[in-house]
Amino acid sequence: MSNPSTVEKTISYIFLILVGVLLASPFLYMISIALASDATTVKSAFTFVPMEFQWSNFYTIFTNNNLGTYLKNSVIITVFTIIGSVLSASIVSYGFARIKAKGSRFLFIVLLSTMMIPGEVTMVPQFIIFRHLDWINTFYPLIVPSFFAGAFNVFLIRQFVMSIPKSLDEAAMIDGMGHPGMYWKIIMPLTYPILAAIAIFSFSYNWGNFMGPLIYINDPEKMPLALGVQLLTTVGGGQMPPWNLVMIASLFLTIPMVLVYLFGQRYVYEANISGGSSGIK
Amino acid sequence: MRKKDGKWFYIFISPWLIGFLGLTLGPILFSIYMSFTNWDLFQSPEFIGIDNYKTLLTDDPIFWKSVGNTFFYALISIPLGMSISLWIAYYLNKKIKGITFFRILFYLPSVVPVVASSLLFIHLLAPTEGLINQALAIFGIQGPAWLLDPNWVKPALILMSLWGVGGGVVLLLAGMKGIPQELYEAAAIDGAKSTQSFFHITFPMLTPVIFFNLVTGMIGALQTFAQVFIVTAGGPDNASQMVVPYLFQNAFQFYKMGYASAIAWVLFIIIMALTLVVFRSSALWVHYEEGKANE
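Chains as they are written, first to last, in this note's numbering: chain A, 1 to 281; chain B, 1 to 295.
Structure representation (structure tokens):
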């Protein structure tokens, strides 16, 4: 776009500021409720600017409400699912991008078509499988599937690997390098940017995942933050939930996502380009 | 060497292949079988033929209500969200000071986990002290009781979805940056006004991105779960019940595994059919650059 005129600029600023206020105010309200006092919570008399700043909420939620445990569980689940999804998709995509074999085309089409099946179809049978394995109330049902290479991730890395010149492998082949060495020493290091993007996608999905833990975890000691924070709101007996603490937990759920976005957007952007803008979910 | 390659191919893809057989294909077959049974998890499954589907389609008003609500939600939230994101992207594409700040600000709500935004919107939508009704009161408008009112609970969920509109904006913005500057310059020489060049250049050039946003948005909206589960639990009077929460309820609260599987397959058919329709329609309105169509 060419440089806009003054009138155009003014209209743009007015529009952007108005929309900006609309989009930012829920965040401010979240912070405001997080700092509200218990009395305010009970009366449910939240104001946009808190009447008093009760910083001790941050202390309370760690001592009385298990926030530390929820956070620890979330971190464990997220770290392992990131390792699993990046590693497995990377290995599998090398196979599909670089090795010609009987049936490889057919299997790649099968892989692509699995992307069209909604997770709800496999949800119930998977629950039954994991229940048979006695994995209810463990992290396994949330972590183990990520080690089996997600179709979307494989597709994304494969697109990226296809753009790496074949002459590179041919030279290495002549030098007597086999597929494992070629994958590990040549191709994989070249795909770091796209692997970073996949790590970010995996983080976003798993850090905020609600349905998985809801199905598999009943024990509060094992709950990740996304489920634990919801548990905080389900106090029985017509009692008012501690909304100020719930909002602190929501902040803990939100802030890592914001940080990862701010530091990782470069990689996500790159993934979009190589995936033909099929990246962001 | 070729023979050895075959071995390596299967070694490399084995993580996916095992997962496909054990966690996708196996469960799919199992799920088809289950949908023809009556199974509460505790007794052994009893084969009942197409009874689950028959009940679902002819004798379950809550299922039909949840399908209707899901369509209503998708049909309004997607076009609305896409128009607003196009509008926002248009302004975010201006060369003005501080634009990076606005780009970050507008994107941030879409990274908030749905659990957190759901809990937040319970407050924002509260009848008297909620921020939204407080804001409306400034203009002398008395806002509805949103989540407690059967007529307003779906609009409330749609409003909530609009907060995360920035996710689609990013792709539109990237698309806008990819439009060759010469097109605008040529149009300007021919005397085109900025609205004209928007509708004759920007919009057609963005149709591939709009198409992508439409398909992913549609699939996502049809699978809405956490918002409904957390914010309304399907209420009041099933006015916000949707297909996936209803499926979840049948499976994990009523332990009707067979019935839940039948719902999953009906959902699959709905998603497939609609995706196919949208893909077919794309020939009419999605503009691809020459030579890029087969990418």
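A virtual CB, placed ideally from N, CA and C, is assigned to each residue, including glycine.
Identity of the residue in the options nearest residue i by Cα
i	options	result
alanine 262/B	Ala273/B, Thr275/B, Val244/B, Leu274/B	Val244/B
valine 165/B	Asp149/B, Pro155/B, Thr207/B, Tyr107/B	Tyr107/B
proline 150/B	Arg280/B, Gly234/B, Ser118/B, Ala89/B	Gly234/B
alanine 199/A	Val21/A, Gly264/A, Leu35/A	Gly264/A
leucine 159/B	Gly84/A, Pro4/A, Gly181/A, Leu23/A	Leu23/A
tyrosine 13/A	Leu125/B, Phe199/B, Arg103/B	Arg103/B
serine 146/A	Asp134/A, Leu67/A, Thr81/A	Thr81/A
leucine 247/B	Ser167/A, Ile77/A, Tyr261/A, Met123/A	Met123/A
leucine 67/A	Met247/A, Tyr267/A, Leu262/A	Met247/A
proline 256/A	Ile128/A, Ser204/A, Val121/A	Ser204/A
isoleucine 96/B	Leu111/A, Ile17/A, Asn64/A	Ile17/A
serine 85/A	Ile99/A, Leu251/A, Ala151/A	Ala151/A
glutamine 253/B	Leu276/B, Phe229/B, Phe268/B	Phe229/B
leucine 168/A	Met188/A, Phe155/A, Val19/A, Ile157/A	Met188/A
tryptophan 243/A	Gly20/A, Phe252/A, Thr41/A, Gly228/A	Thr41/A
valine 161/A	Tyr192/A, His132/A, Pro26/A, Ile136/A	Tyr192/A
leucine 41/B	Phe279/B, Ile76/B, Gly175/B, Gly258/B	Gly258/B
glutamate 8/A	Ser194/B, Tyr33/B, Val266/B	Ser194/B
phenylalanine 106/A	Pro61/B, Tyr73/B, Tyr10/B, Gly130/B	Tyr10/B
serine 25/A	Asn93/B, Phe121/B, Ser14/B	Phe121/B
tyrosine 269/A	Asn206/A, Gly208/A, Asn218/A, Ala197/A	Ala197/A
isoleucine 136/A	Val21/A, Tyr261/A, Lys222/A	Lys222/A
lysine 4/B	His179/A, Asn73/A, Ile77/A, Ile164/A	His179/A
Neighbour list for residue i in chain B, Cβ cutoff strictly below 8 angstroms
i	result
leucine 23/A	Leu105, Phe106, Leu108, Pro109, Trp163, Gly166
lysine 9/A	Lys94, Ile96
methionine 257/A	Val111, Val112, Pro113
valine 235/A	Ordered by position in chain B, no residue passes the 8 angstroms Cβ test against valine 235/A, which lies about 14 angstroms from the chain.
tryptophan 207/A	Pro113
Pair within 8 angstroms by beta-carbon distance, residue i and residue j
i	j	result
isoleucine 61/A	leucine 245/A	yes
tryptophan 16/B	valine 92/A	yes
methionine 205/B	isoleucine 189/B	no
phenylalanine 210/A	valine 111/B	no
methionine 218/B	serine 66/B	no
threonine 224/B	leucine 147/B	no
asparagine 153/A	alanine 249/A	no
phenylalanine 20/B	isoleucine 99/A	no
phenylalanine 46/A	histidine 123/B	yes
valine 229/A	leucine 253/A	yes
threonine 118/A	phenylalanine 268/B	Note on identity: in this sequence residue 118/A is proline, with threonine being the wrong assignment. Yes, these two residues count as a Cβ contact at 8 angstroms.
tryptophan 265/B	valine 121/A	yes
tryptophan 285/B	threonine 202/B	no
leucine 112/A	leucine 225/A	no
threonine 78/A	tryptophan 207/A	yes
serine 56/A	methionine 240/A	no
tyrosine 261/A	tyrosine 183/A	no
serine 240/B	leucine 157/B	yes
alanine 34/A	leucine 251/A	yes
glycine 6/B	lysine 102/A	yes
Interface residues of chain A facing residue i [CB-CB closer than 7 angstroms]
i	result
glutamate 182/B	Within 7 angstroms Cβ-Cβ: nothing; glutamate 182/B doesn't reach chain A, min ~12 angstroms.
tryptophan 8/B	Ile99, His179
valine 244/B	Glu120
serine 261/B	Val124
aspartate 5/B	Ile99, Lys100, Ala101
alanine 251/B	Val124
Cross-chain neighbours of residue i in chain B, by beta carbon under 7 angstroms
i	result
leucine 253/A	Pro113, Val115, Ala116
threonine 114/A	Phe20, Thr24
isoleucine 91/A	Phe12, Pro15
Nearest-angstrom Cβ-Cβ length linking residue i and residue j, presumed shorter than 8 angstroms
i	j	result
leucine 231/A	proline 220/A	6 angstroms
valine 215/B	serine 85/B	So it is not a contact: roughly 15 angstroms between Cβ atoms.
leucine 222/B	threonine 70/B	6 angstroms
phenylalanine 130/A	tyrosine 216/A	7 angstroms
phenylalanine 15/A	tyrosine 91/B	5 angstroms
isoleucine 50/B	phenylalanine 30/B	Incorrect: roughly 18 angstroms between the Cβ atoms, too far for contact.
phenylalanine 48/A	tyrosine 29/A	7 angstroms
Neighbour flag for residue i against chain C, beta carbons, 8 angstroms
i	result
leucine 147/B	Chain labels in this structure do not include chain C; the protein chains are A and B.
Neighbouring residues, chain A, relative to residue i (Cβ below 8 angstroms)
i	result
serine 31/B	Val121, Thr122, Val124, Pro125
methionine 218/B	Within chain A, no residue comes near methionine 218/B; the closest Cβ sits about 12 angstroms away, beyond 8 angstroms.
alanine 226/B	Phe210, Met211
Residue i CB to nearest heavy atom of the ligand SAM below 7 angstroms
i	result
proline 193/A	Looking at this structure, you won't find the ligand SAM or any other ligand, since it has none at all.
Where residue i meets chain A, residues with beta-carbon distance less than 9 angstroms
i	result
alanine 264/B	Pro118, Glu120, Val121, Thr122, Met123, Val124
Considering only residues of the region 198-237 of chain B, which uninterrupted beta strand (DSSP E) runs meet the minimum length of 3 residues and lie entirely inside it, listed in chain order?
none
Where in the region 124-196 of chain B do unbroken runs of the alpha helix (DSSP H), each at least 4 residues long, occur, reported from the N-terminal end onward?
131-138, 153-163, 166-177, 181-189
What runs of the alpha helix (DSSP H), each 4 residues or longer, lie entirely inside the region 30-60 of chain A?
38-43
Ranges of the alpha helix (DSSP H) found wholly within the region 18-91 of chain B, counting only runs of at least 4
26-34, 51-58
Can you list the alpha helix (DSSP H) stretches of 4 or more residues lying completely in the region 117-162 of chain A, in chain order?
119-132, 140-143, 151-162
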